[in-house]
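Q: In this note's numbering, the protein residues as written are 61 to 458.
Take a look at the structure:
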């Protein structure tokens, strides 16, 4: 039996037209905050991120850049509280990955400049941004009565498709062949009813197709190479890195869900936002400094707050599995966890469902390159990651 793990990232929400990009978040923050500032009856406005003095003759501004121009023209009117938010507002970030990388670069700077005491302030500012993000995303919950059926039908088909052994690595086929042969070999040629055998549904299906005396394991391996496992035989887990619950659109009764990075407004499963590449050489330097403040937003540390990581390991260790990547960039900020998954001995396949921008443009190779950084063993990378010829977009263009 092969377990299917649907690995979900921010692109999954975006495919459902949710406004969950970093740019949408930061633009919304400034638009709403500046609206509050200009509509306030007080000339002195204050929020958790800054305080500012209003000049009644000034025409209202609505963006960060306009606001900064305003404060420069009126020197001394602005007092910044969350300097990290202001710095990140200047960044031309394409994704949340860029923001997490920016935070990690600051950590490395502080680690190499031990006399700098600002690490606690950095973490306070970062926590403030996490709180703002949670507030913003809470407002972006999808209206499940207004779904685009073209999108949901295509994603549903991808999630529930049969397992084609053309997608399975050569190493995986050999392992599955060995396990299956061990289970069915003693029964080949016997005339007992198949119901009496202690076999899985998959093994019974294979057994029914090959039950004759002169069948050997080489024949079984060749058979599996062109075999298809029906979708009703595939246990399924949604491993979502998002804080939203968009996966519930597709969840069936017996499917499992692991919100590995937490959920919105759930104190039992708080959101995890930070950096997660323990394989990076600079991380070892940070760890050796014996300063716990430097580890406050390291994902592996935060995984200890819930049983999510243990539940995931249980899935990985329970048997063969394939990974379906839907909307996750597989960047370095999740490298430690992704390496654990992709190089696990039970991983038999990693399939990319890429974003198709046009007939001639998609991000398959970008994701593949990111995935390659999560593999230490490049032979496993080439064998396990499904090639583009056998891959499809998450949502095709209309």
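Ideal Cβ placement from N, Cα and C applies to all residues, glycine included.
Under 8 Å, do residue 65 and residue 386 count as touching if we go by C-beta distance?
A: no
Q: Please work out which residues of its chain come closer than 8 Å, Cβ to Cβ, to residue 91, disregarding the five sequence neighbours upstream and downstream, and give them in chain order.
A: 122 and 123
Q: Could you check if residue 107 is buried or exposed, using at least 16 other CB atoms within 10 Å of its CB as the buried criterion?
A: Residue 107 should be labelled exposed.
Q: With burial defined as no fewer than 16 other Cβ atoms inside 10 Å of the residue's Cβ, what is the status of residue 445: buried or exposed?
A: buried
Q: Ignore the nearest five residues each way along the sequence and tell me which others in residue 236's own chain have a CB closer than 8 Å to its CB.
A: In the same chain as residue 236, and ignoring 5 residues on each side of it, the C-beta atoms closer than 8 Å to its own belong to 62, 228, 284, 380 and 408, in chain order.
Q: What's the C-alpha gap between residue 103 and residue 97?
A: Roughly 9 Å separates the two Cα atoms.
Q: When every heavy atom of the ligand COA is checked, does at least one fall within less than 7 Å of the C-beta of residue 380?
A: Among the components modelled here there is no ligand, and therefore nothing to report on the ligand COA.
Q: Report yes or no: do three or more beta-carbon pairs, one from the segment 336-344 and one from the segment 366-376, lie closer than 8 Å?
A: no
Q: Alpha carbon to alpha carbon, what distance is there between residue 391 and residue 441?
A: 15 Å
Q: Any idea if residue 312 is buried or exposed, counting beta-carbon neighbours within 10 angstroms, 16 or more meaning buried?
A: exposed
Q: Quick one: what's got a C-beta closer than 7 Å to residue 240's C-beta in the same chain, skipping five residues either side?
A: 263, 266 and 280
Q: Compute the Euclidean distance between the alpha carbons of residue 204 and residue 306, then round it to the nearest angstrom.
A: 9 Å
Q: For residue 448, which residues in the same chain have their Cβ closer than 6 Å to its Cβ, ignoring the five residues on either side in sequence?
A: 424
Q: Could you work out which residue in 187, 315, 126 and 354 is closest to residue 27 when comparing CA atoms only?
A: An answer regarding residue 27 cannot be provided, because it is not within the stretch 61 to 458 covered by the chain.
Q: Can you round the beta-carbon distance between residue 396 and residue 336 to whole angstroms, since I take them to be within the 8 Å contact cut?
A: Sure, about 5 Å apart at Cβ, within 8 Å.
Q: May I ask you to verify whether the segment 183-191 touches the segment 214-223, counting CB pairs closer than 8 Å and requiring at least 3?
A: no
Q: Quick one: give me the first and last residue of the beta strand (DSSP E) that residue 408 is part of.
A: 407-413
Q: Can you list, in chain order, the residues of its chain with a C-beta nearer than 7 Å to that of residue 135? Leave out the 5 residues immediately preceding and following it.
A: none
Q: Starting from residue 284, follow the alpha helix (DSSP H) in both directions and report where the run begins and ends.
A: 277-285
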